[in-house]
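Down below is the structure, laid out as structure tokens.
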């Protein structure tokens, strides 16, 4: 239609109708660029979408390529008698160039720039709906390049995460303590207690960094970023559907809360990892850390979020608001989250943090609580290396320790 003058008026009418559709606030923002021009390339868009979004198992890929070849042969047969020979001759000029790229695809540095190589070496040129084979080859190598890069990143994350987990070394740490007790050097109780604090601190730090680098966490952060890139009305609809789903029970609802919390801090991800890895040990008791954390209730601590309220985006505030009223907000959902996520995703000015701290205070005092996470009170033990102590430590790191670190950096 677009190439014929006869249909120009119809095209204008269609564009006007599309503009009216796009003005509706419920219209999907992902289709905001919809026009007659994009519709004229619909077949190519659908092909690229299917190729880049579906899991390409052998059977799927075979069916996909078969369909493309059949469509191409059908198109060629309209003007050529020996359509198969014409089609094969069309493919021949690309063979040497594609072979060169395929031979080099095993190298990480080459696979990362594979798409650029294809555009420069293979010279596919500009695509149209008649170039399905060219487009398919382009999408094949784009997909291969993306998978190769993701695989490389995941391998690196696995190596780093495993190294961090090994650094916690609980078995070797316990053996060292036993040797110290048997050998009597150093024999003072204070020094042995300090070593216990150091190993516990190191273990919590390893868990914290491991959570940030975990592949599942990174996938959730990526998904949350995509969801919250949409306007509020649309991401609210997504979570309302998830919330009312029949499958959304217990763990499902907990994952929704995790997705909301991660969505709020997704833009700070690199900064959070830097903060987590920069935490250094210093001698302190859990009771001292608890006192520092309690100062959040009276506003004495500045914390990682000290200047955040002034610069907090409207969207991040909306996320907290929705989180607070989710199912009348059940504290148990927050208590199911990783201690580091609960600590870093809720700013000090949020009522949610006050609620969270109140529950911690209840458990520290040994009062009755439905969220009891350790048996220290019943066993007449101090909160030293239990989950409650870990939650206090994480709150301290991101709300008090970070404030001292930033103050020191500014003063120097």
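In the numbering used here, the protein residues as written are 541 to 952. Cβ coordinates follow ideal geometry from the N, Cα and C atoms, glycine included.
The beta carbon of residue 700 is closer than 7 Å to those of 753 in its chain, skipping five residues each way along the sequence.
Counting only the Cα atoms, residue 623 lies some 5 Å from residue 617. Under the three-state reduction of DSSP output, residue 575 falls in the coil class, being neither helix nor strand.
Residue 924 carries a coil assignment under DSSP once its states are collapsed to helix, strand and coil. Excluding its 5 nearest sequence neighbours in each direction, residue 830 has C-beta neighbours in its own chain below 6 Å: 932, listed in chain order.
In the same chain as residue 886, and ignoring 5 residues on each side of it, the C-beta atoms closer than 7 Å to its own belong to 892, 893, 896, in chain order. For residue 916, the three-state secondary structure derived from DSSP is coil.
Three or more Cβ pairs closer than 8 Å define a contact, and the region 549 to 569 meets that threshold against the region 765 to 783.
In this structure residue 938 does not touch residue 904 by the C-beta definition: roughly 19 Å separates them, more than the 8 Å allowed.
Close CB contacts of residue 834 within its chain, under the 8 Å cut and outside five residues either way in sequence, are with 897, 901 (chain order). Counting along the chain, residue 859 sits inside the alpha helix (DSSP H) bounded by residues 854 to 865. For residue 832, the secondary structure class from DSSP, reduced to helix, strand or coil, is helix. The alpha-carbon of residue 555 is positioned some 35 Å away from that of residue 686. Between the alpha carbons of residue 586 and residue 763 lies a gap of roughly 22 Å. In the same chain as residue 802, and ignoring 5 residues on each side of it, the C-beta atoms closer than 8 Å to its own belong to 757, 760, 761, 764, 881, 885, in chain order.
The beta carbon of residue 745 lies closer than 6 Å to those of 819 in the same chain, with the five residues before and after it left out. Note on geometry: alpha-carbon atoms of residue 579 and residue 551 lie some 11 Å from one another.
Per DSSP, residue 878 lies in no alpha helix (DSSP H) and is assigned neither H nor E. A distance below 8 Å separates the beta carbons of residue 673 and residue 612. If you draw a straight line from the Cα of residue 777 to the Cα of residue 855, it is about 15 Å long.
When rounded, the separation of the alpha-carbon atoms in residue 908 and residue 572 is 54 Å.
Put simply, the backbone Cα of residue 824 is about 13 Å away from that of residue 925. Inter-residue distance for residue 747 and residue 922 is about 22 Å (C-alpha atoms, whole angstroms).
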